[in-house]
Amino acid sequence: MANNRLLVSMSPHDHGKDNVKKIMYGVVLAMMPAFLVSVYYFGLDAIRVNLIAIAACVFFEWFIQKVFFKGKPTITDGSAIVTGMLLAFNVPTNLPWWILVIGALVAIGIGKMSFGGLGNNPFNPALVGRVFLLISWPVQMTSYPKIQVLNFAITDAETGATPLALVKEGLKNGEPFSQIIESMPTSYTDMLIGQMGGSLGEISALALIIGGLYMLIRKIITWHVPVAVLASIAIFTGILYGINPEAYADPAFHLLTGGVMLGAIFMATDMVTSPMTGKGMLIYGVGIGVITVLIRVWGAYPEGVSFAILIMNAFVPLINKATKPKRFGETIKKQ
Amino acid sequence: MEIVLYTLISLSSLGIILAVILFFVAQQFKVVEDPRIDEVEALLPGANCGGCGYPGCRGFADACVKADSLDGLFCPAGGNETMNAVAKALGMAAVEKEPQIAVVRCAGAPEQRAKTSIYDGPQSCAIAAALYGGDTDCPYGCLGLGDCVEACTFDAIYIDENTGLPVVSEEKCTACGACVTACPKDIIELRNKGKKSRRIYVSCVNKDKGGPAKKACNVACIGCGKCVKECPFDAITLENFLAYIDYEKCKLCRKCVEVCPTGAIIELNFPPRKPKPEKKEENADNEKAENNAAADTVIENTSEPKNE
Amino acid sequence: MIVLKTFPKGGVHPAENKLSKGKKIEKLNMPETVTIPISQHIGAPAVPVVNKGDIVKIGQLIAKSGGFVSANIHSSVSGKVLKIEPSMDASGYKRMSIIIKVEGEEYEPDIDLSDTLVKECSLNADEIKKRIADKGIVGLGGATFPTHVKLSVPPGKTAEHLVINAVECEPYLTADHQLMMEKPDEILVGCSIMAKAIGVNKVLIGIENNKPDAIKLFKEKAVSFNNIEIYALKVKYPQGGEKQLIKALINREVPSGGLPIDVGCVVQNVGTAFAVYEAVQKNKPLYERVVTVTGKNVKNPVNLLAKVGTPISELIELAGGLPEDTGKIVNGGPMMGKAVNNQQIPVTKGTSGILLFPNKLAKRPKVYNCIRCSRCTHVCPMNLEPHLLKNLSNKALWEELEKERVLDCIECGSCSYTCPAGIPLLDYIRLGKANLNRIIRSRK
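Pasting the structure below:
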């Protein structure tokens, strides 16, 4: 007989090498390009906002688990870091620290832990925090600092409107789209690489796409949600643009500005709050795209990605029910 | 000012209209229910433990009201007291039942029953039992993963940290039987609580031959049959190398406990054996309290001298 | 590039780790005692026909089939029956076993022990089936379903294909592969015998593409049989599952709750084909089988011809002894095998491998909360939703589980394998299946 006692467990006895921690840190790694771009354009403020948001999220997660759940804190799984970074990515860099901390509290406390922690939250926690802040402090949340390349001096940066806000304002005043675009200081190339005002992490479409590709290769996300979101936005706005090119912005503008890329690649793909099947993910993605355009074009806010994702998050259980995978051997039996 | 007024008027009228609609709907779809069901339900403990065999207390109340007699209907959680109240409310005769309690028939603490493997999986007896016999050499014994604790709605059972075995709380257990169903090894049994909570039972369910049983666990029943021979009331039966004491027949004489070579028979809540005269008194007290049939008492009385 | 056939949805690709690949099949020495459980197959246990003290020969019937779905059991050694009593087997419980003390090496006289290939089979279908039943042949892929039952096509159904599972999709195991390399002719004869028994004239052999030598060898040999076709399949677990294999080879879906015969197929393992050859052509009952003994720290991973009833400790000894830090011993493959709790467990008809896991690999991964990544749904070859099944099972909603077709689960373990949260999904699903089966039985 063996001296050491043998382990006995049910099959399978082999396990894939992936785990939650690796996935979470993979997402963090995927966010790095966008983070670096933000540091490049917003300077130390970008680092400050990120550090505060991450520290606050991790702290609140630890605190709530310790005090209310009385369980062993699981902050090492990295999910709080992801939430913190996503929250930071969704705010302007000149946001006062205390607003950020409140945002983190709402994100972790209400958005995540009140439902039972990782995996149980119906809504994307970072977006819950973000939308809460947007509604509570609309001025601070929408005064975006102007970009300054590699400026590490801590100064009160000038603020300016985002291209999205400019277009919305212009179109509302009856100005034709082509004219607004011409008068705008940012070209489409600038928008692609991130040379424009906006929330910390959303400015560079290119950096976000690089991160998205990394996640695709690591199989952290599937192609369904980003493609569905981007394609539906492009098609919907394309139709509008085709109807009247002067009254509506063109698809490229919609895709490159605001939080579309960040939302489509990092926020809508959140595993916990997105549907389970490929078909469901497509429905969910299209929903996000359509609602985003509806808010952008006819709504009161210039940007609608966060709201669109939160609204579609609420539909996820329903989508899951409606798009159950077709069972093996199901069709033949019916014949 | 005008706006406030309009708001008030419109909202109040809306409320009134809806109330009227609701009233008529409620009238239309009224379900006529025996009012006694509510009455009986109020008397029940309201724990919805399912120990009676009906879905929840209301289901039981419904059954009680519809039944002609209370035969076979018993709320184990509430006990005789509740059933008397129910009987009174319904004008029927109550069927008295001996109070029972859940008994864990395994004493295989780690020092008695060496661990031979490590279970790696969810904390669930049912899953572990589907996998294998358990982390000791006794494939019948308690797994200690707490399915019974999970099943108990009265907080009456917990796993002892030292022995790794479930312990039933004398006061809290209502003998609803949830743990009995939950245990995949059929270790827990409902037995009569006994006078002054005194109980004697075989704390083992090992059906192996003496050799392997003893090898796996020091306090296993090895099926030697000594207790069967010793028992003056034929209360003990031996099947598959395992002794079982019928609690209806057992007169708590404790003779079997003395002869058991492995200590698998357990006596609970008895006074210490040494001061013999005292014990006699105690037992005499018990007899007086007994409200069993007269014949039984006679047998018990005759057993008294034997006991000493 | 030719697109290799495989089943379309689900599946995983675990590290293959075929450490004992190419190792010649070695014959194990005669053990001192053997413990032969009377229940080594799916179905009713066999009924012992020997008594304590009886002298038996190798190949002698010691327990008779206990029903239609049951199998005969033969002695794997010659010697004296010591006792008939419950003994721990791979199921983790004690089950009735016949324990024989080995004395000498005496065979039943009608067993042909020569190596000569007997190609012609003069028996008719019924005689073949009877011979297979007599010799106690069961499926050697791991499920141990009595072969004669599988070969008996129920009335009203017609068989078109005999599908031979030579996939060996389980990582680590090489027993089937090695057998194919050493006994290709015998296997092919076995296949054609089974085809004759069922009355089909098309035999499809599916081999995964990680065994190119076997594919080449079989393609060459199969030329002389006009009804046998060899298919190379893309490497994907669980391709060895009957339903997945049929889907991969002829793109038919076995209906939910149905059997392969519902789509005109009979699936047999390649090892079974060899056992059928031996039973029919050589009169040899199934009392020994090829077992892979392997593991990351095993000195000498081997393929062994082991007698049923041999304690696995003897097999481990031949593979270089039990490595120092062994944390888990698995009877079978890493994906579907059963962990055992001691080394005295006997080899049975279903033992395809003995796996020794070092401590580091033996421990299950850390369990996190489910993050609803839906990977379990994506890898499930039966297109079930393991995360949902797990939750329902945990909440004891057995009827709901039935609606979610939990009984379709083939217990391949892909879900638990892939779960990044390390949740043992299959543990819960098995619990659900067991409880649901109990409920369904009580309905009748």
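As they're listed, the protein sequences go chains A, B and C. Using the working numbering, you'd call the opening residue of the first sequence number 5 and step up by one each time. Using the working numbering, you'd call the opening residue of the second sequence number 49 and step up by one each time. Using the working numbering, you'd call the opening residue of the third sequence number 1057 and step up by one each time. C-beta atoms are modelled at their ideal positions from N, C-alpha and C, and glycine is treated no differently. Treat the numbers as computed from the prediction; the structure is a model and nothing was measured.
Practice task
Please name the residue in A:Lys25, A:Ile207, A:Lys223, A:Ala304 whose C-alpha comes closest to that of Tyr44 of chain A.
Solution key: A:Ile207
Exercise for the section: Report the rounded CA-to-CA distance for Pro126 of chain A versus Thr1328 of chain C, giving the unit in angstroms. Expected result: 51 Å
Exercise for the section: Determine the contact status of Ala232 of chain A and Met285 of chain A, defining contact as a CB-CB distance below 8 Å. Expected result: yes
Exercise for the section: Identify every run of the alpha helix (DSSP H) within the region 260-336 of chain A, keeping only runs that are complete inside it and at least 4 residues long; order them along the chain. Expected result: 282-302, 309-326
Problem - Candidates C:Lys1500, C:Leu1453, C:Pro1476, of which the one nearest Tyr1484 of chain C by Cα - result: C:Leu1453
Handout entry: Within the region 66-107 of chain A, ranges of the alpha helix (DSSP H) (whole runs, at least 4 residues)
Key = 83-93
Handout entry: Which residues DSSP lists as bridging Tyr292 of chain B, in chain order
Key = B:Thr285
Problem - With 16 other Cβ atoms within 10 Å as the buried cut-off, status of Lys1239 of chain C - result: buried
Problem - Residues, ordered as in the chain, of the region 1449-1473 of chain C that lie near chain A by beta-carbon distance below 7 Å - result: Arg1461, Asp1464, Gly1469, Ser1472, Tyr1473
Problem - Residues of its chain near Leu1173 of chain C, where Cβ-Cβ distance is below 8 Å and the 5 sequence neighbours each way are ignored - result: Asp1241, Glu1242, Val1245
Problem - Chain-ordered chain C contacts of Ile27 of chain A [CB-CB under 9 Å] - result: Ile1427, Cys1429, Pro1476
Exercise for the section: Please name the residue or residues paired with Lys1213 of chain C in a DSSP beta bridge. Expected result: Its beta-bridge partners do not exist; DSSP assigns none.
Practice task
Note down the Cα distance separating Val1291 of chain C from Thr146 of chain A, rounded to an integer number of angstroms.
Solution key: 54 Å
Handout entry: Same chain only: Cβ atoms within 8 Å of Leu1138 of chain C, ignoring 5 sequence neighbours per side
Key = Thr1089, Lys1108, Ile1155, Ile1156, Lys1157
Problem - Alpha-carbon spacing of Ile79 of chain A relative to Trp66 of chain A, whole angstroms - result: 6 Å
Problem - Near the ligand MG: Ala1362 of chain C beta-carbon under 7 Å from a heavy atom - result: This structure simply doesn't include the ligand MG, nor any ligand for that matter.
Handout entry: Contact set for Gly282 of chain A: own chain, Cβ-Cβ below 6 Å, skip 5 residues either direction
Key = His228
Practice task
Given a cut-off of 8 Å, decide if Pro1268 of chain C and His17 of chain A are closer than it, judged by their beta-carbon atoms.
Solution key: no
Handout entry: Contacting residues, own chain, Cβ-Cβ under 8 Å from Asn1221 of chain C (five flanking each side not counted)
Key = Gly1197, Gly1262, Gly1296, Glu1298, Leu1301, Val1323, Gln1324, Asn1325, Val1326
Practice task
Examine the Cβ distances between the region 1132-1147 of chain C and the region 1363-1380 of chain C and report whether three or more of them are shorter than 8 Å.
Solution key: yes
Exercise for the section: Spell out the partners DSSP gives Leu1362 of chain C in its beta bridges. Expected result: Looking at the sequence provided, one finds Ala at residue 1362 of chain C rather than Leu. Partner(s): C:Arg1345.
Problem - Rounded separation between Glu315 of chain B and Ile1495 of chain C - CA only - result: 38 Å
Exercise for the section: Compute the beta-carbon to beta-carbon distance between Asp81 of chain A and Tyr1424 of chain C, rounded to the nearest angstrom, for a pair I have assumed lies under 8 Å. Expected result: 6 Å
Problem - Same chain, Cβ closer than 6 Å to Tyr245 of chain A, five either side skipped, listed in chain order - result: Tyr252, Asp254
Practice task
Consider the Cβ of Ile1485 of chain C: report whether some Cβ of chain B lies at a distance smaller than 8 Å.
Solution key: no
Exercise for the section: Measure how close the beta-carbons of Leu1273 of chain C and Met1237 of chain C come, nearest whole angstrom, since I'm counting them as under 8 Å. Expected result: 7 Å
Handout entry: Test item: CB-CB of Phe1063 of chain C and Lys1258 of chain C under 8 Å
Key = no
Handout entry: For Pro1210 of chain C, the nearest candidate out of C:Gly1314, C:Asn1180, C:Arg1187 (CA to CA)
Key = C:Gly1314
Exercise for the section: Measure the CB-CB distance between Gly1122 of chain C and Pro1093 of chain C and report whether it falls below 8 Å. Expected result: no
Exercise for the section: Determine the closest residue to Pro1421 of chain C out of A:Leu90, A:Lys74, A:Gly263, A:Gly20, with distance taken between C-alpha atoms. Expected result: A:Gly20
Handout entry: Closer than 9 Å at the beta carbon, the chain B residues around Tyr1424 of chain C
Key = The contacting residues do not exist; Tyr1424 of chain C stays about 14 Å from chain B at best.
Exercise for the section: Use the C-beta contact count for Ile1046 of chain C: other C-beta atoms within 10 angstroms, 16 or more gives buried, fewer gives exposed. Expected result: Nothing about residue 1046 of chain C can be reported from this structure: the residues present for chain C run from 1057 to 1500 only.
Handout entry: Beta-carbon spacing of Pro1414 of chain C, Asp1381 of chain C below 8 Å
Key = yes
Practice task
Check each candidate in C:Lys1252, C:Ala1253, C:Ile1271 and name the one with the smallest Cα separation from Gln1234 of chain C.
Solution key: C:Ile1271
Practice task
Kindly say whether Pro1442 of chain C, judged by its beta-carbon, lies nearer than 8 Å to any beta-carbon of chain A.
Solution key: no
Practice task
Following the continuous alpha helix (DSSP H) through Glu198 of chain B, name the residue where it begins and the one where it ends.
Solution key: 195-199
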